[in-house]
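Report on the structure given below.
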Amino acid sequence: MDGKEVAGMEKIRVRFAPSPTGPLHIGGARTALFNWLFARKNNGVMVLRSEDTDLERSSAESERNIVRDLKWLGIDWDEGLEVGGPYAPYRQTERLDLYRQFTERLLAEGKAYYCFCSEEEVEEERQRQLSRGETPHYHGKCRNLSREEQERCLKEGRQAVVRFRVPEGEKVVVEDVVRGRVEFDSDGVGDFVLVKSDGLPTYNYACVIDDYLMKITHVIRGEEHLSNTPRQVLLYQAFGWQPPKFAHISLILAEDRSKMSKRKGDTAVEQYREKGYLPEAVVNFLALLGWSPEGEEEVFFLEELVKQFDLNRVSRAPAVFDMDKLKWLNGHYIKNSSLERITELAVPYLQEAGYLTGELTPEQWNWVKMVVASVREYPTCLAEIIDYVDVFFNDEIEFEQEELKEILQQEQVPRVVEALYEALDQTPELTPETAKKVLRDICKGLKLGGKKVYMPLRIALTGSNHGPELYELIAILGKERVASRINRALAGVGK
RNA sequence: GGCCCUAUGGUCAAGCGGUUAAGACACCGCCCUUUCAAGGCGGUAACGGGGGUUCGAAUCCCCCUAGGGUCACCA
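In our numbering, the protein residues as written are 13 to 507.
Structure representation (C-alpha cells):
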C-alpha cells in the first residue's frame, strides 16, 4: 500500500475465481453475475481467475466449460483467462513461484512453520477433540519446533506442510458490505495449512495473495466463505496488507430449504442451456435471487440490470430457487424474442425429435418459422416445444376423445367444409392472414357462430378440441393436407 | 457440538420508528376469445415466539426457536 489511495477513489476491481472442478454451478453463476454487475455499474474491472490448486479434481475441461457458460450468460471479463492482463498468469497453478516467495517471508518471520505431522495423526486428534465436544483444531505439536528441529526434519526428507501460526486471543473483524461488521475470535481457528505437502497452496492462502497482487478491491462471493474470512484477514494482517472489502451473498437453496444438489434438480448452468432456457432469462432470474430492484419492474436485460444494480440492495437471507419463476421468465423471453432467433434455437430440438432431418431449404425454414410462431407461447423452455408440434408433422390424426367425433356429425358441418374448400380454391396465397379472412367470411356467409365453424374444423384437422390458432394451422398445413385431413376425418364418422 | 449468518404471504421480496405492510411468481375468479394458452382486470395469502426500549415497533436491543453455513493437506 502506498497510502496515497483515497477511499472511494481507487478503481474498483472484482474477480470471479471458480475452481475448475465441475460445471458452472447456478450459485457460482450468480456470484459471477453480481461481481460483473458491480464492476460494470461502477466502471470497474472484472477479473476471471482459475483456482485450480486441487490437482485431483481440477480439469482443463471444466475450466473450458465454465468459460463457455459465462460467455453464454453474457458475462465477460477484462482480465484473466483467455484475455490475459497486467497481473498474469491468472491460473493459480501457474503462479507457484509467487506463493513460494511469500511463504519464505512468513517462515522467516516466524509467522508460519513447517508441520511434520502425518495426515493420520492430525485426523486422529481431530476425532478425539470432536468426541470430547471440542472444536477440532490443529493441536500445535509442531508449532513450537525450533528452527533447528524443523531444518533437521526437512533434511531427513520428511513430508511437511506449512502452517500459519494463528495469533492467540485476538478479535478478528470482517467488515462485510452486505452483513455489516462480523467479529470472530482468533482462538476459534486452528493453525491452518498454507502449503500442502504437494507444494501447492491451499485456497485460503492463494486467494489472499492473488487478491492482493491483483489489487482486488471487493471480494463478492458466497456466504459459505464467510467463516473462511477471518483466516484470510489474519493473513492480510500478517503481511501488513489492507484487506479488500468483502460482500458475502447468501446461498441459493433447493425447494426444501436444504442446499441445492444434483438430486434435487438441475444445478449446472449447462443443464439449463441444454433444456432451452435463454441466457437472458437465467440472468434475469439469478439477479432477482438475492437482489431486488428499486422499482416494481422485474423483467430486465443485462444492460438494464447494470444500471439498477446496487450492492446495498442485496438481501442477507438465503433464497430458495423458484423454478416456477424461472419458467415464467423464460416463457416470457421465448414469446418476446425475435422469431428468427427462437426458431434457430428450436430447430435442434425438432431435429433431435426426428421432426426435421438434414439441411433446411429456405422454404422449409420459413415453414418451420410459422410452426414456431404458432406454438411458442406454450413451452416454458425450448426443449418442451416438441410437445406441441406434432399436429403439424403427423397426418395420422388420432381422436383424443371419441365424443369429439359427435361434433363432426353436426348438421352444419358439410356446408362449412364445402364453403372452406371453395374459399381455399379462390385464395391464391394461403397465409395466416388470408386463412383468417376465409374463416371469418364463412361465419358471415353461413350466418354461423364461430364455434359452429371453428370447432368441427379444428377437430377434423387435429383430433383435439384445443391447440394452436386455427387459421395459422390451416396456413401451415396448406390446402392439400387440410383437405385430406378433413376428408379422412369425415369419412371416419360416416359423412 | 463450537463459531458465524439469517428469519415479512407457498416462493422471490419492498420496507430501513408512525404505511390501508408494495410488487413479482404460483394459486383462484372475471374479461377477451373458435380451443388451450397468452394478455387485461381483480382476489386469497405474511411480519416465527417471548421479553424489553419508545408516545409509537415488521423496523432498535436481549433471549428462545427454526433454517443455513463453517470447523480439510476442497475450494
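Backbone N, C-alpha and C define an ideal beta-carbon position, used for all residues, glycine too.
* Pull up the distance between the alpha-carbon of residue 186 and that of residue 370, whole angstroms please. => Within the first sequence, numbered from 1, the residue matching residue 186 stands at position 174. Within the first sequence, numbered from 1, the residue matching residue 370 stands at position 358. Between residue 186 and residue 370, the C-alpha separation is close to 59 Å.
* Go through its chain and collect everything with a Cβ distance to residue 310's Cβ below 7 Å, but skip five positions before and after it. => Counted from its first residue, the first sequence places residue 310 at position 298. Here the set comprises 300.
* Asked: Roughly how many whole angstroms lie between the Cα atoms of residue 227 and residue 286?
  -> Counting from 1 along the first sequence, the entry for residue 227 is found at position 215. Counting from 1 along the first sequence, the entry for residue 286 is found at position 274. If you take the alpha carbons of residue 227 and residue 286, they lie about 37 Å apart.
* Nearest to residue 247 by CA position, among 391, 201, 382, is which residue? -> In the first sequence, residue 247 corresponds to position 235, counting from 1. Looking at the Cα atoms, 201 is the closest of the given residues.
* Asked: If we call anything under 8 Å between Cβ atoms a contact, is residue 205 one with residue 173?
  -> The residue given as residue 205 occupies position 193 in the first sequence. The residue given as residue 173 occupies position 161 in the first sequence. Yes. Within cutoff.
* Sort 114, 87, 386, 23 by Cα distance to residue 444 and report the nearest one. => Your numbering for residue 444 matches position 432 in the first sequence. Here the closest residue by C-alpha is 386.
* Can you have a look at residue 216 and say buried or exposed, based on whether 16 or more other CB atoms are within 10 angstroms of its CB? => Locating residue 216 in the first sequence gives position 204, counting from the first residue. Result: buried.
* To do: Give the secondary structure of residue 228 by DSSP, where H, G and I count as helix, E and B as strand, and everything else as coil.
  => The residue given as residue 228 occupies position 216 in the first sequence. Assignment of residue 228 by DSSP, reduced to helix, strand and coil, places it in the coil class.
* To do: Grab me the residues of residue 75's own chain with a C-beta within less than 6 Å of its C-beta, minus the 5 sequence neighbours each way, in chain order.
  => By one-based count along the first sequence, residue 75 stands at place 63. 32, 62.
* Asked: So does the region 461-475 actually touch the region 485-504, counting three or more Cβ pairs closer than 8 Å?
  -> In this structure the region 461-475 lies against the region 485-504, because at least three pairs of beta carbons, one per stretch, are closer than 8 Å.
* To do: Determine the closest residue to residue 267 out of 261, 260, 388, 277, with distance taken between C-alpha atoms.
  => The count along the first sequence starts at 1 and reaches residue 267 at position 255. Of the residues 261, 260, 388, 277, the one whose Cα lies closest to the Cα of residue 267 is 277.
* In angstroms with no decimal places, state the Cα-to-Cα distance between residue 243 and residue 194. => Locating residue 243 in the first sequence gives position 231, where the first residue counts as 1. Locating residue 194 in the first sequence gives position 182, where the first residue counts as 1. Approximately 13 Å, taken between the alpha carbons.
* Asked: In three-state terms, what does DSSP make of residue 13?
  -> Position 1 of the first sequence, counted from the first residue, corresponds to residue 13. For residue 13, the pLDDT reaches just 37, beneath the cut-off of 50, and the residue's location in the model is therefore unreliable, although a value from the coordinates is still provided. DSSP places residue 13 in coil when its eight states are reduced to three.
* Hey, quick one: how far does the beta strand (DSSP E) through residue 196 stretch, first residue to last? -> Within the first sequence, the letter at position 184 stands for residue 196. Counting along the chain, residue 196 sits inside the beta strand (DSSP E) bounded by residues 192-197.
* To do: Tell me where the alpha helix (DSSP H) around residue 165 begins and ends.
  => The sequence position of residue 165 within the first sequence is 153, counting from 1. Residues 159-167.
* Contacting residues, own chain, Cβ-Cβ under 7 Å from residue 365 (five flanking each side not counted) -> Counted from its first residue, the first sequence places residue 365 at position 353. Residues 398 of the same chain have their beta carbon placed closer than 7 Å to that of residue 365, with the five preceding and five following residues left out of the count.
* Quick one: what's residue 265 bridged to in DSSP? -> On the first sequence, residue 265 is found 253 positions in, with the first residue counted as 1. Bridge partners of residue 265: 271, 332.
* Asked: Can you give the Cα-Cα distance for residue 25 and residue 50, rounded to whole angstroms?
  -> Start at 1 with the first residue of the first sequence, and residue 25 comes out as number 13. Start at 1 with the first residue of the first sequence, and residue 50 comes out as number 38. Taking the straight line from one Cα to the other gives about 9 Å.
* **In DSSP terms, what residue 207 is bridged to** => Residue 207 sits at position 195 when you count from the first residue of the first sequence. BP columns for residue 207 point to 174, 213.
* In angstroms, rounded to a whole number, what distance separates the CA positions of residue 463 and residue 450? -> Counting from 1 along the first sequence, the entry for residue 463 is found at position 451. Counting from 1 along the first sequence, the entry for residue 450 is found at position 438. Going by the C-alpha atoms only, they are around 15 Å apart.
* Closest by C-alpha distance to residue 189, when choosing among 56, 203, 325 -> Here residue 189 refers to the residue found at position 177 when the first sequence is read from its first residue. With distances taken between Cα atoms, residue 189 lies closest to 325.
* **8 Å Cβ cutoff met for residue 432 and residue 454** => One-based indexing of the first sequence puts residue 432 at position 420. One-based indexing of the first sequence puts residue 454 at position 442. Cβ atoms of residue 432 and residue 454: closer than 8 Å.
* To do: On a CA-only basis, which of 482, 115, 256, 330 is nearest residue 269? Give me that one, please.
  => In the first sequence, the residue the question calls residue 269 occupies position 257. Ranking 482, 115, 256, 330 by CA distance to the CA of residue 269 puts 330 first.
* **Span separating the alpha-carbon of residue 208 from that of residue 214** => For the purposes of this step, residue 208 is taken as the residue at position 196 of the first sequence. For the purposes of this step, residue 214 is taken as the residue at position 202 of the first sequence. In this structure, the alpha-carbon of residue 208 lies about 7 Å from that of residue 214.
* In chain order, what residues of the same chain lie with their CB nearer than 7 Å to the CB of residue 71, ignoring the 5 residues before and after it? -> Here residue 71 is taken as the residue at index 59 of the first sequence, counted from 1. Taking residue 71 as the centre and dropping the five residues before and after it, the same chain places the C-beta of 32 closer than 7 Å to its C-beta, in chain order.
* Asked: Leaving out the 5 sequence neighbours to the left and right, which residues in its chain are closer than 6 Å to residue 367 when beta-carbon positions are compared?
  -> Start at 1 with the first residue of the first sequence, and residue 367 comes out as number 355. Only 405 meet the Cβ criterion.
* Just the Cα atoms here: how many angstroms apart are residue 112 and residue 78? -> Within the first sequence, the letter at position 100 stands for residue 112. Within the first sequence, the letter at position 66 stands for residue 78. Their Cα atoms are separated by approximately 28 Å.
* Of the residues 436, 117, 396, the one placed nearest residue 289, counting alpha carbons only -> Reading the first sequence from its first residue, position 277 is the one you call residue 289. For residue 289, the nearest C-alpha among the options comes from 396.
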